[in-house]
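If you want this note's numbering, it's the position in the sequence shown, counting the first as 1, plus 7.
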Amino acid sequence: MVRLVSTLVIIVVLSLLPVQPLSAQTMPPNRFYGRVTVDGQSVSDGTVVSVWVANIKRAEAITVSSNYVLDLAQAVGENLVDKTVTFKIIFGYKQLDARETARWEGGGVTKIDLTGSTQAIERSGAPIAVTLQPTKTLQKRGQPFDVSVMASIKQSDVWRGEITVSFDPKVLKFTGMAKGALLVPEPMLDVSKIEDGKVTYIFFRTKLPLTSLSDGELVRLSLRVRNDATSSEGKISLSVISFADENAKAAAVTGKDSFVAVSILGTVGDINGDGVVDFRDVSLLTAGYGFKQGDGLFDPRSDLNEDGETGIEDLAILAGNMGRKG
Ligand SMILES: [Ca+2]
Ligand SMILES: [Ca+2]
Numbered sequence: 008m009v010r011l012v013s014t015l016v017i018i019v020v021l022s023l024l025p026v027q028p029l030s031a032q033t034m035p036p037n038r039f040y041g042r043v044t045v046d047g048q049s050v051s052d053g054t055v056v057s058v059w060v061a062n063i064k065r066a067e068a069i070t071v072s073s074n075y076v077l078d079l080a081q082a083v084g085e086n087l088v089d090k091t092v093t094f095k096i097i098f099g100y101k102q103l104d105a106r107e108t109a110r111w112e113g114g115g116v117t118k119i120d121l122t123g124s125t126q127a128i129e130r131s132g133a134p135i136a137v138t139l140q141p142t143k144t145l146q147k148r149g150q151p152f153d154v155s156v157m158a159s160i161k162q163s164d165v166w167r168g169e170i171t172v173s174f175d176p177k178v179l180k181f182t183g184m185a186k187g188a189l190l191v192p193e194p195m196l197d198v199s200k201i202e203d204g205k206v207t208y209i210f211f212r213t214k215l216p217l218t219s220l221s222d223g224e225l226v227r228l229s230l231r232v233r234n235d236a237t238s239s240e241g242k243i244s245l246s247v248i249s250f251a252d253e254n255a256k257a258a259a260v261t262g263k264d265s266f267v268a269v270s271i272l273g274t275v276g277d278i279n280g281d282g283v284v285d286f287r288d289v290s291l292l293t294a295g296y297g298f299k300q301g302d303g304l305f306d307p308r309s310d311l312n313e314d315g316e317t318g319i320e321d322l323a324i325l326a327g328n329m330g331r332k333g
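Below, the structure is given as structure tokens:
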């Protein structure tokens, strides 16, 4: 009984409070409705139409008799008043930009007929620039380092991307890869294909494109200079790069066939890195002789041929380089 009374008191008090001014949160949605046509034709029932603000999809609806109705409400704390609203139409496997745009109006009921075209939308302006950025350009044998694939996107919206990075597998060894900051924040599909001396990475955006003015790291490769690298240079190249927008139209890209070169220091067989291949290196190798990767006494520096164990082949490589300096 006491509780009921106090509840009633609260209700009465609340009802006596002055009515709050209409805040942004309570502003009713803007309703958009109208006819949808693609290439001047009606669309089939169930065609998905969506409404977007600043490249973020906010609501979607399906058409009936080539007509749609969409309500776009403000999120809590958001102010959509006078913001530009755009529309997309899914047609076949493509998502078309409707030609029409609108300005958001709280409580508005806006008739706007949407038209789409299957003709490729020409995009002008700067191509997407892709570059490689190694963490170090001077490396000792056996040392790990990272190479970042950086992208600078100025005009296009990128929904899909493919990048292939190649290197000489006799000089460099691939040890892993990670998504860069440009790709991390949002769920997407991605696959990577690792071959000898070649890493291919493909991503598909599922919610948001990589938009204009995205600048940063796409993906990071971890590499290591092989212990038995005979070259004094490790070349890493961007061999394939392609980006496409939501209509599968390829974007212009610069950076294909660009490369970075890593200079390699030291002599094959100089396990302790003191500048000469001698008995000290032999004793280091024999200390871990017969052990495999994962075993306690395995020393990756002594695995000169990089096959995951220290054995006769490694000893032979060392013997062949005895006395060398550098
Ligand atoms: Ca040595
Ligand atoms: Ca070995």
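Note that beta-carbon positions come from the ideal geometry of N, C-alpha and C, so glycine has one too.
Any non-hydrogen atom of ligand 2 closer than 7 Å to residue i Cβ
i	result
D306	no
D288	no
D310	yes
G318	yes
D321	yes
D277	no
D314	yes
Unbroken beta strand (DSSP E) run spanning residue i, endpoints
i	result
D277	Neither: D277 is in no beta strand (DSSP E) and is coded neither H nor E.
G187	Counting along the chain, G187 falls outside any beta strand (DSSP E), and DSSP gives it neither H nor E.
S221	S221 to V232
D104	K101 to R110
L272	F266 to L272
K205	K205 to R212
Endpoints, the alpha helix (DSSP H) within which residue i is located
i	result
D288	F286 to A294
I170	Careful: I170 lies outside any alpha helix (DSSP H), inside the beta strand (DSSP E) at R167 to F174.
D321	I319 to G327
beta-carbon residue i near ligand 1 non-hydrogen atom, thresh 7 Å
i	result
N234	no
V137	no
V283	yes
Which of helix, strand or coil DSSP assigns to residue i
i	result
R42	strand
T142	coil
T54	coil
T33	helix
S199	strand
S131	Confidence in S131 is poor, its pLDDT being 47 and thus under 50, which makes the residue's placement unreliable; the coordinate value appears in the next sentence. Three-state DSSP puts S131 in coil, outside helix and strand.
R351	With the chain running from 8 to 333 in the structure shown, residue 351 is simply not present.
R308	helix
P151	strand
G115	coil
S73	coil
T125	coil
F298	coil
S244	strand
Beta-carbon contacts of residue i that lie in its chain and below 7 Å, excluding the five residues immediately before and after
i	result
D89	R110 and W111
V289	L325
S199	M184, V206, T207 and Y208
Beta-carbon proximity list for residue i, same chain, < 6 Å, skipping 5 on both sides
i	result
L304	G295 and F298
V50	V43, T70 and S73
D306	G295
S155	Q140, E224 and R227
S57	K64, E67 and K95
F39	L77, T117 and I119
Whole-number beta carbon distance between residue j and residue i, since they are thought to touch under 8 Å
i	j	result
I97	V55	4 Å
T125	E107	Incorrect: roughly 17 Å between the Cβ atoms, too far for contact.
Q135	A258	Here residue 135 is Ile; the residue named in the question, Gln, does not match the sequence. That belief holds up - the Cβ atoms of I135 and A258 are roughly 5 Å apart, short of 8 Å.
E253	Q102	5 Å
D248	I170	According to the sequence as given, residue 248 is Ile; it is not Asp. That pair is a contact at about 5 Å.
Cutoff 8 Å; reference residue i; Cβ partners in own chain excluding five residues on either side
i	result
A236	R148, K177, V178, L179, I271 and V275
L291	I278, N279, D306, R308 and S309
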